[in-house]
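Engineer: First, the structure itself, so that you have it in front of you.
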Amino acid sequence: MSTIDTDSIVSQAMQNLSGLRAQAAAVPIYEEMPGWRETTQGARSFRDLPANAVKYVRRVEELIGAPVALLSTSPQRDDTILMRDPFQR
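Each residue of the sequence shown is one higher than the one before, counting from 34 in my numbering.
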């Protein structure tokens, strides 16, 4: 018969509550960047993207501290650029 570790459950609940409070108190930081008018639909490589789209992706990578692995360029499934193998470190 297993026992329930109520201290652990309470501790996890408090951590989750603390995280929710921190999230509720978060203040968004808005950053504007130049956009682009060219279509990205059909782009199959990073080189095919408009210059400002490339800058946007690079800025997102910088903000999240991780490289982008996959990049969708339209709602079509085939319009995806594999930037790097998502399973490689």
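For glycine and all other residues, C-beta sits at the position ideal for the given N, C-alpha and C.
1) With three or more beta-carbon pairs closer than 8 Å as the criterion, would you say the stretch 51-63 touches the stretch 87-100?
2) Hey, quick one: how far does the alpha helix (DSSP H) through Ile97 stretch, first residue to last?
3) Let me know if Ala55 comes out buried or exposed under the rule of 16 or more other beta-carbons within 10 Å of its beta-carbon.
4) Determine the extent of the beta strand (DSSP E) in which Ser105 is found, giving its start and end residues.
5) Using the C-alpha atoms, what's the distance from Thr72 back to Ala99?
6) Could you check where the beta strand (DSSP E) with Thr113 kicks off and where it finishes?
7) Output the distance between the C-alpha atoms of Ala84 and Met66, rounded to the nearest integer angstrom.
Structural biologist: Looking at the coordinates:
1) no
2) The count along the sequence shown starts at 1 and reaches residue 97 at position 64. Ala84 to Ile97 is the span of the alpha helix (DSSP H), which, as asked, contains Ile97.
3) Working through the sequence shown from its first residue, we reach residue 55 at position 22. So Ala55 ends up on the exposed side.
4) What you label residue 105 is simply residue 72 of the sequence shown in a count that begins at 1. Ser105 -> beta strand (DSSP E) spans Leu103 to Ser105.
5) For the purposes of this step, residue 99 is identified with residue 66 of the sequence shown, where counting begins at 1. For the purposes of this step, residue 72 is identified with residue 39 of the sequence shown, where counting begins at 1. Cα-Cα distance, rounded: 26 Å.
6) Start at 1 with the first residue of the sequence shown, and residue 113 comes out as number 80. Run containing Thr113: Thr113 to Leu115, per the beta strand (DSSP E) assignment.
7) Here the question's residue 84 lines up with position 51 in the sequence shown. Here the question's residue 66 lines up with position 33 in the sequence shown. For Ala84 and Met66, the distance between alpha carbons rounds to 12 Å.
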